[in-house]
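Report on the following structure.
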Amino acid sequence: MARIGLLLPADIWQCVASFIPEYHLLTLISVNKAFYNIVLDARYREIHWAKLDPSMIKSLVRLRTPSIAGRVRRLHVRAWFIEYLIRKESLEPPSYGVSTKRWVSRHLRLPSSPIRITPSASGRSSAARDILESMTEAVRLMAHVTEYSFEWRDLSPTADTLKFLNAARTGFGVSLRKLTLHAQLGNFTNLLSTVDFDNLEELELHFDHDLRDAKTGDQSRDLLRDAIAPFVNHFRRSIRCLLISSASTTDLSPLFYALNPFPHLRKFVARLAFDAVHLSDPRGLVRILRTNSDTISSVELGRSFASSSDVAPDPRSTWLGLTSALTLDLAVLVNLTTLKIPLLQDFDATIACLRRSADTLTSLCLIDYFLAERELVELVQIFSHRPFDAGLKYLHVGVAYITPDVFDLLASRLPGLLNLNLVLLDATLSEVAVSASTVYESLLLFKSLFSIPAMLRPSFAWHWLAITTPIGACRTWASASHPPRAESR
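Under numbering that gives the first Met the number 0, the first residue of the sequence shown is numbered 0, with each subsequent residue one higher.
Structure below.
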């Protein structure tokens, strides 16, 4: 029997391991070579460097071994703790720097006996430099990373920092498929100079909040047009997913205007404040949707939490201008499979845009609006003509009322629906449970509402149902055949 086990190929053991709980896999690392690799792959597949603690130090020690570093597929770095160490060392007495250096050296097993203290710019020891050097060494060995996320938070662009960023470009050059960058707009110049990947398919750019006087309007416009846009356009032949999110005070209109068509773009996401400060001219955004309409199948437009308090008390909204252009341009939002948007200029305009994808849409998320009874019926009727491909599979909407007829409508018109998220106003939720004196009775009431579609149509069953309020109170059911459970989000 042992001999047969040794002869089984690795993919068979991989199938066996898929049925074993992750917490139990670790105990099987010594069973054979296949399980040894499976356990290490699971342990080091995704690495997070977000804070300096013994767990991170321990992983750094292991990741400086090529056989371990080569197992990393996803790397997420939040580099704020490097700057934190530097500032803390500068404030503490010199003895603190020595003790920190000794602690880091002992855990990293740095080749120093006795311990050599690396002087910082202030003449004190630099544990931060040793950490950054160890991270750089580990990154150089990660030859198979497919997803890389880097958040530049409060980190000075020193020579050591740029060396670390260059190490990522060297190590991930061929394998990387997804890149996520978080930084203030002013730091993107240094950040982008260290990024050049051959086969990038997903790109996410997040512009963090900055002060209004960090960059003047002309400087920000030049940076967007002359640095960031060429960087994005460099990957136009391979990009399939593009996400641009902004909490900055910068106007992103020049960036959208400067972007070239993407021949293979499948998903486009824009999250920003739609006002005169952050998007003064929405036509560039509409242009992206129009020029790539033949390939785009997924669109998300959402509002970010960008603050304009230091710019204007109430900047003029450009959302109506954007939605008006989307409504009038019949070449945008066509033949989509996934759509997540707030209500456009009004409900009728939103319905008109949804009809363009009535034959293809499988996932719809309509946010920041509560549908009346007539509106919900009209929305559902758009997709009710698709009995053969089952139509919508995911639906997230707000409703201004909740009765058994709501579930009956969804069950009869959307037979392929697998995930349903209903958002209710607090007042609506209170009206439903007004006759229930306890939480338990409220749950029984929702259970009875939920069971109606299954009773009327035994073949119908949702995989997931969630009833929430805007503040997050949630009642969630895993499926129509399982009892409900209460959750709080």
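Even for Gly, the Cβ is constructed at its ideal location relative to N, Cα and C. From a predicted model like this one, the values you see are computed outputs, not experimental measurements.
Check: Nonlocal neighbours in the same chain, by C-beta distance under 6 angstroms from N420, ignoring five residues either side; Outcome: H395, A465
Check: Buried versus exposed, by CB contacts within 10 Å (16 or more), G397; Outcome: buried
Check: Selected residue, minimal CA-CA separation from G492, among D195, L164, F206; Outcome: There is no way to answer for residue 492, as the model of the chain reaches only from 0 to 488.
Check: Buried or exposed by the 16-neighbour rule on C-beta atoms within 10 Å, applied to S54; Outcome: exposed
Check: Buried versus exposed, by CB contacts within 10 Å (16 or more), Q218; Outcome: exposed
Check: Contact set for L140: own chain, Cβ-Cβ below 6 angstroms, skip 5 residues either direction; Outcome: P65, A68
Check: Backbone secondary structure at G185 - three-state DSSP; Outcome: helix
Check: According to DSSP, residues forming a beta bridge with H75; Outcome: H47, S148
Check: Nearest neighbour of A228, chosen from A246, D207, L184, D209 [CA to CA]; Outcome: L184
Check: Environment of T402 [buried if 16+ CB atoms lie within 10 Å]; Outcome: exposed
Check: R270: first and last residue of the uninterrupted alpha helix (DSSP H) it sits in; Outcome: Run containing R270: none in the alpha helix (DSSP H); it sits in the beta strand (DSSP E), 266–270.
Check: Proximity to Y43 [Cα-Cα], best of E136, H143, L202, V15; Outcome: H143
Check: heavy atom of the ligand PLP below 7 angstroms from R168 C-beta; Outcome: Annotation note on the ligand PLP: not contained in the displayed structure, which lists no ligands.
Check: Separation of R224 from F230, as counted between CA atoms; Outcome: 10 angstroms
Check: Opposing strand residues paired with D250 [DSSP bridges]; Outcome: Answer by DSSP bridge pairing: none, since D250 is not bridged.
Check: Same chain, Cβ closer than 7 angstroms to L325, five either side skipped, listed in chain order; Outcome: V285, V331, L332, L343, C352
Check: Span of the beta strand (DSSP E), counted from its first residue to its last, around I366; Outcome: 362–370
Check: Pair within 8 angstroms by beta-carbon distance, E203 and R239; Outcome: no
Check: CA nearest to the CA of L59, picked from V15, E299, T135; Outcome: T135
Check: Beta-bridge pairing of E203 - partner residues as DSSP gives them; Outcome: T179, L242
Check: Euclidean distance between Cα positions of K339 and L327; Outcome: 19 angstroms
Check: Whole-angstrom C-beta distance between T317 and S279, which should lie under 8 angstroms; Outcome: 7 angstroms
Check: Cutoff 6 angstroms; reference L300; Cβ partners in own chain excluding five residues on either side; Outcome: A269, I340
Check: R152 and W79 closer than 8 angstroms at C-beta; Outcome: yes
Check: C-alpha distance - S17 paired with S148, whole-angstrom precision; Outcome: 27 angstroms
Check: Range covered by the beta strand (DSSP E) that runs through V60; Outcome: Looking at the DSSP string, V60 is not in any beta strand (DSSP E); the run it does join, the alpha helix (DSSP H), is 53–62.
Check: Span separating the alpha-carbon of I381 from that of D221; Outcome: 44 angstroms
Check: Proximity below 8 angstroms, CB of S292 to CB of H263; Outcome: no
Check: A49 beta carbon less than 8 angstroms from that of A81; Outcome: The sequence shown places Ile at residue 81, not Ala. Against a cut-off of 8 angstroms, the Cβ pair of A49 and I81 comes out as no contact.
Check: DSSP-derived helix/strand/coil call for G320; Outcome: helix
Check: Secondary structure of Y256, DSSP reduced to three states; Outcome: helix
Check: Residues that DSSP places opposite V398 in a beta bridge; Outcome: L370, L423
Check: Own chain partners of R70 with C-beta closer than 7 angstroms, once the 5 adjacent residues on each side are dropped; Outcome: L39, D40, Y43, R44
Check: T145 versus D197 - alpha carbon distance; Outcome: 12 angstroms
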